[in-house]
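For the sequence shown, the working numbering gives the first residue as 62, with consecutive numbering after it.
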Amino acid sequence: MSLAIRNATPSDAGLICELVQALAAYEKLAHEATAGSQDFEKALSEGHARAIIAEWEGEPCGFALYFFNFSTFLGRRGVYLEDLFVKESHRGKGVGKALLSKLARIAVENDCARLDWAVLDWNAPSIAFYKSLGAKPMDAWITYRLTGAPLAALAKGAR
């Protein structure tokens, strides 16, 4: 059995879209996954997002999509893992760990201070996996998000 991790290119946009749809279904958020392959192609082409693809014996079995962020406290870049997904048929084979290991190498090679990500609070298998790697939950932080009408209203200066 062979596992390979490779950098995604804009031509992988359709594959990434399929894997994102599978992730959204797993997370019970399929109704929120509205991005199409053209969105991923554009994001990868313009450098707004990067991705790595896991292949098991030449067949895609998972991915990680990430981007660089910046820590004002540390004064250095970081890697933010937006999404990581491994197909159910390939879980338990070390694919997720290989993807995270590759991301850690990317962070180290780019002089990044940290690797961050979020996980849904009900996803006990992933939480246990992340903790087994030495990752620490950031329990004191609450994530906020603006979308749709509230985002547009704030952009216009509305209260």
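Here a beta-carbon is modelled for each residue, glycine too, at the ideal position from N, C-alpha and C.
Tell me whether residue i, by its Cβ, gets closer than 7 angstroms to a heavy atom of the ligand PLP.
i, result
"Thr-95", "Among the components modelled here there is no ligand, and therefore nothing to report on the ligand PLP."
Is residue i helix, strand or coil when you go by DSSP?
i, result
"Arg-175", "coil"
"Ala-165", "helix"
"Ile-203", "coil"
"Ala-303", "Not covered by the structure: residue 303. The range shown for the chain is 62 to 220."
"Ala-69", "coil"
"Leu-90", "coil"
What's the C-alpha gap between residue i and residue j?
i, j, result
"Leu-84", "Phe-146", "6 angstroms"
"His-151", "Pro-121", "10 angstroms"
"Asn-68", "Lys-158", "16 angstroms"
"Ala-214", "Tyr-205", "16 angstroms"
"Ala-115", "Asp-172", "24 angstroms"
"Asp-177", "Ala-165", "10 angstroms"
"Cys-78", "Lys-217", "32 angstroms"
"Ile-113", "Val-180", "19 angstroms"
"Lys-103", "Lys-163", "23 angstroms"
"Ala-196", "Ala-189", "10 angstroms"
"Trp-202", "Phe-134", "15 angstroms"
Leaving out the 5 sequence neighbours to the left and right, which residues in its chain are closer than 6 angstroms to residue i when beta-carbon positions are compared?
i, result
"Glu-118", "Ser-63"
List the endpoints of the continuous alpha helix (DSSP H) containing residue i.
i, result
"Ala-83", "74 to 87"
"Pro-198", "Where Pro-198 is concerned, there is no enclosing alpha helix (DSSP H), given that its DSSP letter is neither H nor E."
"Ala-96", "Premise fails: Ala-96 is in no alpha helix (DSSP H) and is neither H nor E."
"Gly-218", "Here Gly-218 belongs to no alpha helix (DSSP H), and DSSP marks it neither H nor E."
Might you give, ordered along the chain, the residues of its own chain that have their beta carbon closer than 7 angstroms to the beta carbon of residue i, omitting 5 neighbours on each side?
i, result
"Ala-86", "none"
Could you pull out every residue in the same chain whose Cβ sits closer than 8 angstroms to the Cβ of residue i, ignoring the five residues on either side in sequence?
i, result
"Thr-70", "Leu-105"
"Gln-99", "Ala-74"
"Val-169", "none"
"Gln-82", "Ala-91 and Ala-94"
"Ser-132", "Arg-138, Gly-139, Ala-174 and Arg-175"
Contiguous beta strand (DSSP E) assignments of at least 3 residues, all confined to the segment 100 to 174: Within the segment 100 to 174, the runs of beta strand (DSSP E) at least 3 residues long that lie entirely inside it are, in chain order, 111 to 117, 120 to 132 and 137 to 147.
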